[in-house]
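Notes to accompany the following structure.
Numbering (the working numbering), first residue to last: 37 to 226.
Next up, the structure:
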């Protein structure tokens, strides 16, 4: 527990806002993890950025995790840093496929690229984002590749056609439905 912030104000600052916080964990590794409601994103991030006991001025990363079996399938995960207090914070927001998350681009300028990446990879929509478009995949790409239900082979195949002298996009055709593997080691003596 020695790595936890020794400021009681830091820990209490999350406990004083129960209307936004669904769950708060102070882990033994010194990490603080907070789960908030999706409708509380903007006031919560403004609070932790500006409050004197938190001072989370640096947004390090925004990513997501897909749990298809859950009702709220996605967890949007924010990692923040307070340089002046030397503390880190993980913030989680649980949403389903149709719920949008408010963009925090106007609070943290680095959020713009991260939110575009989450939109591209997971399909989580960030409302009021100034430029929400694909960032890692092609504009015509179908689906969101980091979702657990995205097929491993994709939907289309890109190959160079020698006769047409150009790249051709075709639907995937798998010639083999199932693969059977021999797990016996050929170097083992019986």
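Every residue gets a Cβ at the ideal spot worked out from N, C-alpha and C, and that includes glycine.
{"Asked": "Reference residue 114, options 194, 191, 85, 180, closest by Cα", "Found": "85"}
{"Asked": "Cα-Cα separation between residue 207 and residue 151, rounded to whole angstroms", "Found": "30 Å"}
{"Asked": "Three-state class that DSSP yields for residue 79 in the structure shown", "Found": "helix"}
{"Asked": "First through last residue of the alpha helix (DSSP H) which encompasses residue 158", "Found": "147-158"}
{"Asked": "Backbone CA spacing between residue 42 and residue 173 [nearest angstrom]", "Found": "Note on residue 42: pLDDT 49, under 50, position unreliable in the model; no value is reported."}
{"Asked": "Span of the beta strand (DSSP E) around residue 94", "Found": "94-102"}
{"Asked": "Three-way DSSP call (helix, strand, coil) for residue 74 in this model", "Found": "helix"}
{"Asked": "Presumed contact (8 Å Cβ cut-off) between residue 129 and residue 74, rounded CB distance", "Found": "5 Å"}
{"Asked": "Residue 132, DSSP secondary structure in three states", "Found": "coil"}
{"Asked": "Pairwise C-alpha distance: residue 100 and residue 109", "Found": "10 Å"}
{"Asked": "C-beta contact flag for residue 119 and residue 93 at 8 Å", "Found": "yes"}
{"Asked": "Sheet register partners of residue 227 (DSSP bridge)", "Found": "Summary: the structure shown does not reach residue 227, with the chain confined to residues 37 through 226, and so no result is reported for it."}
{"Asked": "Distance between residue 201 and residue 77 (C-alpha atoms, nearest Å)", "Found": "51 Å"}
{"Asked": "Residue of 58, 190, 142, 134 minimising C-alpha distance to residue 155", "Found": "134"}
{"Asked": "Cβ neighbour criterion (16 or more within 10 Å) applied to residue 192", "Found": "exposed"}
{"Asked": "Bridge partner(s) assigned by DSSP for residue 202", "Found": "197"}
{"Asked": "Contact belief for residue 70 with residue 121 at Cβ below 8 Å, rounded distance in angstroms", "Found": "About 15 Å separates the two Cβ atoms, so there is no contact after all."}
{"Asked": "Member of 96, 188, 184, 91 whose CA lies at the smallest distance from the CA of residue 146", "Found": "96"}
{"Asked": "Candidates 189, 204, 184, 127: closest to residue 58 by CA position", "Found": "127"}
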